[in-house]
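Taking the UniProt record's numbering, the leading residue of the sequence shown gets 1, the next gets one more, and so forth.
Notes follow once the structure below has been shown.
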Amino acid sequence: MSDFPSVLVVEDSDVDMEAIVRVLRRSHPHVHVDRLADGGEAVSWLLKAARLPRVVLLDLNLVGKDGRDVLRGIRREAALAELPVVVLTSSTNPRDVEECYAAGATGYLFKSVDFALLQSTLTAGIEYWLRQPLSS
Numbered sequence: 001m002s003d004f005p006s007v008l009v010v011e012d013s014d015v016d017m018e019a020i021v022r023v024l025r026r027s028h029p030h031v032h033v034d035r036l037a038d039g040g041e042a043v044s045w046l047l048k049a050a051r052l053p054r055v056v057l058l059d060l061n062l063v064g065k066d067g068r069d070v071l072r073g074i075r076r077e078a079a080l081a082e083l084p085v086v087v088l089t090s091s092t093n094p095r096d097v098e099e100c101y102a103a104g105a106t107g108y109l110f111k112s113v114d115f116a117l118l119q120s121t122l123t124a125g126i127e128y129w130l131r132q133p134l135s136s
């Protein structure tokens, strides 16, 4: 296992995932990126991980298991209670924001279709979470 920090991205769109990886490779080339396209696998993947990621980027509108359901499942597990989970979505609906925070989201970032805006948002968000102390 690498000593570099890792990020888990739960994203079902190949196009969006490609953009996210492109941003992360430019801004944080040392970060290892794992991807799950199926939100239904997230909790079991995290519980089996040899080392938890520094942050989970979670798409809200996943096919199958919705991002809110994934988030609630993560928060039900004591071992994952302190894991930062940031919703990364194209939704700016205030109700979605409220529901995600109520379900235990640590953050909520807008996934813009404008690459420059996505890059600045995601770079700042990842930088913030990588600077946070690891939970014990």
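Glycine residues also receive a C-beta, built at the ideal position from the N, C-alpha and C atoms.
The C-alpha of D14 lies about 12 Å from the C-alpha of D59. Between L36 and L71, the gap from beta carbon to beta carbon reaches 8 Å or more. Look at V10 here: in three-state DSSP terms it is strand. Shortest Cα-Cα distance from R51 to any of F4, A102, E77 involves F4. Cβ contact annotation for G107 (same chain, cutoff 6 Å, sequence separation greater than five): V86, in chain order.
By the C-beta criterion, the stretch 19-33 is judged not to be in contact with the stretch 74-84, since fewer than 3 inter-stretch pairs fall below 8 Å.
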